[in-house]
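Some notes on the structure that comes next.
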Amino acid sequence: MKFSTRALGRLKTGQMNKTEEAYAAHLELRRIAGEVAWYKFEAFKLRLADNTFLTVDFAVMLTDGTLEMHEVKGFWTDDARVKIKVAADLYPFRFIAAQVLPKKEGGGWKVEEF
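Residue numbers (the numbering used here): 16 to 129.
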């Protein structure tokens, strides 16, 4: 039996998938360029409700001191989109969603702010 899509399972806490690794490389280039002062993978776990949390992919501090929460997705599920919207309403951070663009569309990142 052949499956076209399969659940890959979750990686261990603190371990990046390939999309997150690519985004970390993007953030490192921004750090070298002087736009980003600091970033850390899975630095914050935000409580959204009882037994509901969002572990943000990257906490990012810009050189002006602004702290942003960056969520990186290959694709969005409804659950993930709801969680980031709720987090943006509850917490005083700028929430950024970065979705990888296919190479046939030029690659890079589609960025959305919440």
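Positions of the beta carbon are idealized from the N, C-alpha and C atoms, including for glycine.
Point to revise | Cβ separation of residue 28 and residue 57, assumed to be a contact under 8 Å, to the nearest whole Å | key: Residue mapping note: residue 28 aligns to position 13 of the sequence shown, counting from 1. Residue mapping note: residue 57 aligns to position 42 of the sequence shown, counting from 1. Right, the Cβ-Cβ distance comes to about 7 Å (below 8 Å), so this counts as a contact.
Exercise for review: To the nearest angstrom, report how far apart residue 114 and residue 38 are at their CA atoms.
Suggested key: In the sequence shown, residue 114 corresponds to position 99, counting from 1. In the sequence shown, residue 38 corresponds to position 23, counting from 1. Distance between the alpha carbons of residue 114 and residue 38: 9 Å.
Point to revise | Within the region 38-84, ranges of the beta strand (DSSP E) (whole runs, at least 3 residues) | key: 51-56, 60-64, 67-70 and 73-77
Review point. Measuring CB to CB, does residue 59 end up less than 8 Å from residue 51?
Key: One-based indexing of the sequence shown puts residue 59 at position 44. One-based indexing of the sequence shown puts residue 51 at position 36. Not in contact: residue 59 and residue 51 (Cβ atoms no closer than 8 Å).
Review point. Between the C-alpha atoms of residue 123 and residue 64, what's the straight-line distance to the nearest angstrom?
Key: Indexing the sequence shown from 1 puts residue 123 at position 108. Indexing the sequence shown from 1 puts residue 64 at position 49. Answer to the nearest angstrom: the Cα atoms are 33 Å apart.
Review point. What are the start and end residues of the beta strand (DSSP E) that includes residue 125?
Key: As a working mapping, residue 125 is identified with position 110 in the sequence shown. Unbroken beta strand (DSSP E) run through residue 125: 124-128.
Review point. So, residue 108 versus residue 99, is the Cβ gap smaller than 8 Å?
Key: Indexing the sequence shown from 1 puts residue 108 at position 93. Indexing the sequence shown from 1 puts residue 99 at position 84. Going by C-beta atoms, residue 108 is not nearer than 8 Å to residue 99.
Review point. Per DSSP, residue 111 is paired with what?
Key: Here residue 111 refers to the residue found at position 96 when the sequence shown is read from its first residue. According to DSSP, residue 111 bridges with 85 and 128.
Review point. Quick one: Cα of residue 26 to Cα of residue 79, how far?
Key: The residue given as residue 26 occupies position 11 in the sequence shown. The residue given as residue 79 occupies position 64 in the sequence shown. If I take the Cα positions, the gap works out to 33 Å.
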